[in-house]
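The numbers in my numbering rise by one with no breaks, and the one at position 141 of the sequence shown is 142.
Note sheet for the following structure.
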Amino acid sequence: MSEDRISRDTEVLVVGLGRFGSALAATLERLGREVLAVETDEYLVQQWSHRLPVIEADATNPEALEQLGAEDFQVAVVGVGTSLEASVLITANLVDLEVPQIWAKAVSAEHGRILRRIGAHHVVYPEYDAGARVAHMVSGRMLDYIEMEDGFTIVKMRPPRETHGFTLGESKIREKYGVAVIGVKPPGEPFEYATDSTHIGADDLLIVSGDTNLLEAFAHRP
């Protein structure tokens with residue numbers, strides 16, 4: 002089954018309720034998605050059983066996954082990262098069960114390469130991604146940072162001083178810096194999509210997109 006045919010209300014199997022897996026499962030529940038969590042640690046099972054459907058089982062054992070019906074899930078997330086062996090075994094078991102979408106957490110580039118080679122469709126690096134994101138936010142006036150693909154990035158930031166009191170058309174941000182202001186949010190007012198006539202105030206928030214390096218340069222403007 003192709004990814005674009007997987008329904009948004011499909012139940013998600015989450016293996017591992019460490020910090021990553023539990024945060025992911027809880028967020029999916031909050032978003033209205035049905036979740037089944039699998040965890041070997043009895044304490045974590047008890048801790049989360051009042052919030053999530055949780056089964057205490059060892060997902061490194063293919064028979065355990067078969068018994069809980071893992072092959073019926075369209076999406077599975079392997080949140081186990083501290084044990085490389087367990088992460089690889091669980092992912093391999095899900096591949097053998099032909100789960101259409103397998104997301105797996107990796108703690109290193111080598112770990113990620115192994116997961117991809119055995120069949121994980123998506124590999125994520127939570128610690129690295131969080132560290133890189135915070136580094137960009139600490140280094141300038143960025144308040145949030147999302148790097149997409151091929152060097153394209155979207156940021157939330159405070160406007161440089163030279164833009165205060167001018168419209169976007171007057172500031173000529175795209176012409177000068179090669180980045181595009183998508184929207185502006187004045188304090189206490191709703192977000193508005195940007196046009197040439199949009200006024201920029203000192204306390205506004207800007208949503209800006211463009212090449213990562215150009216955005217870094219723009220965000221470091223005084």
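Virtual Cβ for every residue (Gly too), placed ideally from N, Cα, C.
Quantities reported herein were computed from a predicted structural model and do not represent experimental measurements.
| Item | Value |
| --- | --- |
| Can you tell me whether residue 153 is buried or exposed, with buried defined as 16 or more other CB within 10 angstroms of its CB? | exposed |
| Pop quiz: residue 121 and residue 92 are said to be a contact at Cβ under 8 Å. What is the actual Cβ separation, rounded to whole angstroms? | 5 Å |
| In its own chain, which residues sit with a C-beta less than 6 Å from the C-beta of residue 136, not counting the 5 before and 5 after it? | none |
| Grouping DSSP H, G and I as helix and E and B as strand, with all else coil, what is residue 165? | coil |
| What three-state label does DSSP hand residue 119 in the structure shown? | helix |
| Rounded to whole angstroms, what's the CA-CA distance from residue 96 to residue 17? Just pull it up for me. | 17 Å |
| Under DSSP, the alpha helix (DSSP H) around residue 1 begins and ends at which residues? | Nothing can be reported for residue 1, as the shown portion of the chain is limited to 2 through 223. |
| When the Cα atoms are used, what is the spatial distance from residue 83 to residue 20? | 11 Å |
| Suppose you measure from the CA of residue 222 to the CA of residue 145; what does that come to, to the nearest Å? | 17 Å |
| Ignore the nearest five residues each way along the sequence and tell me which others in residue 126's own chain have a CB closer than 7 Å to its CB. | 107, 113 |
| DSSP on residue 197, reduced to helix/strand/coil? | coil |
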